[in-house]
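Per full-length UniProt numbering, the sequence shown runs over residues 1 to 195.
Report on the structure given below.
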Amino acid sequence: MSFCLQVAGDGDVFPMLAIYAPYVRDTAITFEYKVPTAAEFGARLHHVLPEYPWLVCRAPGQVLGYAYAHRHMERAAYGWNVECSVYVLGSARGRGVGRALYGALLELLRLQGVVNAYGCIAVPNEPSEALHRATGFSLLGHFPASGWKQGRWHDIVWYGRCLQEPGAGEPAPLRPFGSLGQDLMDEVLRRHARG
């Protein structure tokens with residue numbers, strides 16, 4: 001399967017929402033109860049993109065998946081940490097889409113100066129855990145009965161990956177995603193594309 005990776009835009013809101021909706025309606029993979037409206041989903045995209053990457057994976061005529069990062073916790077001292085999410089179209093799972101998206105996402109985050117990337121997974125979810133392990137994440141913790149959805153309690157696990165060693169002194173502020181420059185972004189996205 002060949003595909004390319006790009007920074008998400010307004011034209012991707014509906015296809016990304018179509019990928020996300022079954023995760024909300026039919027699974028506990030996300031703890032969200034209601035499928036967001038297109039306007040709500042678009043607002044999320046615009047909230048993330050000035051500071052962090054939000055990527056889409058495309059095959060001809062189709063969005064196969066998307067991945068994004070956002071700040072992990074709000075206090076100032078957490079400013080070099082992010083939480084990552086990836087969602088893949090059902091028919092594209094197991095075909096390298098998630099790994100390509102995460103590979104590009106993590107490389108871009110490292111270039112921004114992010115130190116730690118985290119992923120939260122409702123378990124059991126072996127495909128997501130396998131993706132995190134395959135992309136260099138390690139299991140950090142297991143939290144029982146953390147979310148109620150679909151008539152039962154679900155455990156979560158947190159995975160983490162250090163993207164670069166923290167220095168001894170005060171770190172430089174994160175570079176906003178948009179400041180990386182189009183040429184550098186395109187180079188990273190091409191490197192993780194297939195075909």
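Even glycine gets a Cβ: it sits at the ideal position worked out from N, Cα and C.
Looking at the structure shown, is residue i part of a helix, part of a strand, or coil, going by DSSP?
i: Ala67; result: strand
i: Ser91; result: helix
i: Leu174; result: coil
i: Gly167; result: coil
i: Tyr118; result: strand
i: Ala134; result: helix
i: Glu74; result: coil
i: Gly147; result: strand
i: Val97; result: helix
i: Gly113; result: coil
i: Glu83; result: strand
i: Val123; result: strand
i: Gly195; result: coil
Could you give the distance in angstroms between the alpha-carbon of residue i and the alpha-carbon of residue j?
i: Gln112; j: Ala67; result: 16 Å
i: Gly195; j: Val88; result: 18 Å
i: Pro166; j: Asn116; result: 9 Å
i: Ala100; j: Leu49; result: 19 Å
i: Glu32; j: Glu83; result: 16 Å
i: Glu126; j: Leu139; result: 13 Å
i: Tyr20; j: Val35; result: 8 Å
i: Phe14; j: Gly98; result: 19 Å
i: Ala59; j: Leu108; result: 21 Å
i: Asp12; j: Val63; result: 8 Å
i: Trp80; j: Arg71; result: 8 Å
i: Ala76; j: Gly178; result: 21 Å
Could you check where the alpha helix (DSSP H) with residue i kicks off and where it finishes?
i: Ile29; result: No alpha helix (DSSP H) holds Ile29; DSSP gives it neither H nor E.
i: Ala39; result: Ala38 to Val48
i: Leu184; result: Gln182 to His192
With a 10 Å radius around its C-beta and 16 neighbouring C-beta atoms as the bar for buried, classify residue i as buried or exposed.
i: Arg93; result: exposed
i: Tyr78; result: exposed
i: Arg161; result: buried
i: Trp153; result: exposed
i: Leu55; result: buried
i: His47; result: exposed
i: Ser2; result: exposed
i: Met73; result: exposed
i: Pro53; result: buried
i: Gly141; result: exposed
i: Phe137; result: buried
i: Leu106; result: buried
i: Leu163; result: buried
So residue i and residue j are in contact, right, with Cβ under 8 Å, and what is the actual spacing, rounded?
i: Trp158; j: Cys120; result: 6 Å
i: Val188; j: Ala104; result: 6 Å
i: Leu5; j: His192; result: 6 Å
i: Gln150; j: Ala18; result: The pair is not a contact, with the Cβ atoms about 21 Å apart (cut-off 8 Å).
i: Asp10; j: Gly42; result: 6 Å
In the DSSP assignment, the beta strand (DSSP E) including residue i goes from what residue to what residue?
i: Leu5; result: Cys4 to Val7
i: Thr157; result: Rather than Thr, the amino acid found at residue 157 in this sequence is Val. Counting along the chain, the beta strand (DSSP E) containing Val157 begins and ends at Arg152 to Cys162.
i: Gly11; result: Run containing Gly11: none; DSSP gives neither H nor E here.
i: Trp54; result: Trp54 to Ala59
Checking contacts by CB at 8 Å: is residue i closer than that to chain B?
i: Leu131; result: Of the protein chains in the structure, only one exists, and it is not chain B.
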